[in-house]
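To start, the structure under review is shown below, and the notes come after it.
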Amino acid sequence: MRWPAGADFEILDQRALPGREVFIPLRSATGTAHAIRDLAVRGAPAIGCTAAFGIAVEALNAVDVPPAMFAARLEAAFVELAASRPTAINLFWALDRMRAAWKTCAAESTRSVATRLRAEAQTIFDEDIAANRRMGEFGAMLVPDGARILTHCNAGALATAGHGTALGVIRSAVAAGKKVEVFADETRPVLQGARLTAWELHRDGIPVTLLPDVAAASLLASGRIDLVIVGADRIAANGDVANKVGTYPLAVLARRHGVQFHVAAPRSTFDFSMPDGASIPIEQRGAGEVLGYGTERWAPDVPVFNPAFDVTPAGLVSTIITEDGLIPGPDASKVAAFRVGATVRETRIR
Ligand code: MRU
Numbered sequence: 001m002r003w004p005a006g007a008d009f010e011i012l013d014q015r016a017l018p019g020r021e022v023f024i025p026l027r028s029a030t031g032t033a034h035a036i037r038d039l040a041v042r043g044a045p046a047i048g049c050t051a052a053f054g055i056a057v058e059a060l061n062a063v064d065v066p067p068a069m070f071a072a073r074l075e076a077a078f079v080e081l082a083a084s085r086p087t088a089i090n091l092f093w094a095l096d097r098m099r100a101a102w103k104t105c106a107a108e109s110t111r112s113v114a115t116r117l118r119a120e121a122q123t124i125f126d127e128d129i130a131a132n133r134r135m136g137e138f139g140a141m142l143v144p145d146g147a148r149i150l151t152h153c154n155a156g157a158l159a160t161a162g163h164g165t166a167l168g169v170i171r172s173a174v175a176a177g178k179k180v181e182v183f184a185d186e187t188r189p190v191l192q193g194a195r196l197t198a199w200e201l202h203r204d205g206i207p208v209t210l211l212p213d214v215a216a217a218s219l220l221a222s223g224r225i226d227l228v229i230v231g232a233d234r235i236a237a238n239g240d241v242a243n244k245v246g247t248y249p250l251a252v253l254a255r256r257h258g259v260q261f262h263v264a265a266p267r268s269t270f271d272f273s274m275p276d277g278a279s280i281p282i283e284q285r286g287a288g289e290v291l292g293y294g295t296e297r298w299a300p301d302v303p304v305f306n307p308a309f310d311v312t313p314a315g316l317v318s319t320i321i322t323e324d325g326l327i328p329g330p331d332a333s334k335v336a337a338f339r340v341g342a343t344v345r346e347t348r349i350r
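Letter 301 of the sequence shown, counting from 1, is numbered 301 in this note's numbering, and no numbers are missing.
Okay, structure coming up:
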């Protein structure tokens, strides 16, 4: 995403990748909410950053209306953006930050409020990149030279403000001089692994092999994977992890085959108010994503079960990698310690 001075806020339309690199302008909160819902932009931290920019865009659009109407427009923008997708907590975290920024300057002119909101959105964006780089450095400690790494969905630069979470760890390991080989699940039904992860890694010259999700079991059984690294959309207070559907089976398989299963996620992905993963709202997406792809249909018109995310119990997670350190063998007490700022850098790994 980019917002050059004097121009529109734009996102790289991820629906067009890898075939075409098209930037689309987002000129309102409504347009931003549609872009998030339609997966033009996706990935938990990227959704949060985009929503923050969407609030700033709406504020700038409304600077010339009377203050009461300006406030009503902003309130509507918050409501609309919050309704765009339910699972990634980063969306609500970013909107809360934007609301807090607004409250500190609500008595100022509409132009001043809009300027401050744009600056806050930019800060959220910049902080996410910095967090990913720190997370990368911590996570790279878990990646041995020559590692063969399995990942799922896309937790890369596209899913964040830049560098990535799971792919950020891989990028940092490569930058530290380690050789790695990545295996990317294609990630049915929206194919974020095939279209986005393979594209990102291939562009960076990091060796990547694509596999159908259903081949992960035999790949792990063959002994060709040293560790699994994925991102997260929301982490509950007990360390349970919601991430792209298909993550939980990978964690079960990793445990079965004695392979480390790591989750890379920034502080903004933790929802300390959720006691466990069972309380995390899981987005159900449309039948069209499973009955076919794009305009093509290959299945008859039958009912479809299409949850966008699943929950991996904390007990299956070897380490949560954050920008403030590692949480090995996450549980409620370690997440509580992390919440108040204690960094957990012990190296015991399940
Ligand atoms: O439906 P998506 O593509 O938004 O789902 C994305 C994921 O599940 C990612 O793994 C997660 O957001 C981590 S992104 C750093």
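Note that the Cβ used here is the ideal one computed from N, Cα and C, for glycine as well. Every value quoted in this text rests on a predicted model; they were computed, and no experiment measured them.
Between residue 227 and residue 263, the CB-CB gap reaches or exceeds 8 Å. Here the segment 136–155 makes contact with the segment 165–172; the two share three or more CB pairs at distances below 8 Å.
When C-alpha distances from residue 25 are compared across 307, 1, 195 and 39, the shortest belongs to 1. Looking at the DSSP output, residue 244 sits in a beta bridge with 309. In the assembly as shown, residue 295 is an exposed residue. Its beta-carbon has fewer than 16 other beta-carbons within 10 Å. Residue 126 has its alpha-carbon roughly 12 Å from the corresponding atom of residue 118.
Per DSSP, the beta-bridge partners of residue 319 are 262 and 328. When C-beta atoms of the segment 316–327 are compared with those of the segment 239–249, three or more pairs fall below 8 Å, so the two segments count as touching.
Residue 273 and residue 159 have their C-alpha atoms roughly 24 Å apart.
In terms of side-chain proximity, the C-beta atom of residue 96 is found no nearer than 7 Å to any non-hydrogen atom of the ligand MRU. Taking residue 171 as the centre and dropping the five residues before and after it, the same chain places the C-beta of 136, 163, 164, 204 and 206 closer than 8 Å to its C-beta, in chain order. Look at residue 249 here: in three-state DSSP terms it is helix. Out of 74, 217 and 68, the CA that lies nearest to the CA of residue 61 is found in 74.
Not one heavy atom of the ligand MRU lies closer than 7 Å to the C-beta of residue 33. The alpha carbon of residue 32 has as its nearest neighbour, out of 49, 19 and 21, the alpha carbon of 49. For residue 297, the number of other beta carbons within 10 angstroms of its own is below 16, and it is reported as exposed.
Following the DSSP letters along the chain, one finds residue 117 inside the alpha helix (DSSP H) bounded by residues 110–140.
Relative to the ligand MRU, residue 230 has its C-beta within less than 7 Å of a heavy atom.
Under DSSP, residue 149 forms a beta bridge with 182 and 227.
With distances taken between CA atoms, residue 301 lies nearest to 286 out of 286, 17 and 81. With a cut-off of 8 Å on Cβ pairs, the segment 217–234 is in contact with the segment 141–148, counting three or more such pairs.
Comparing alpha-carbon positions, the option among 81, 15, 122 and 247 lying closest to residue 4 turns out to be 122.
Annotation for residue 238 indicates a beta carbon at 7 Å or more from all heavy atoms of the ligand MRU.
The DSSP-derived three-state label of residue 290 is helix. Looking at the backbone, the Cα of residue 179 and that of residue 147 are separated by about 7 Å.
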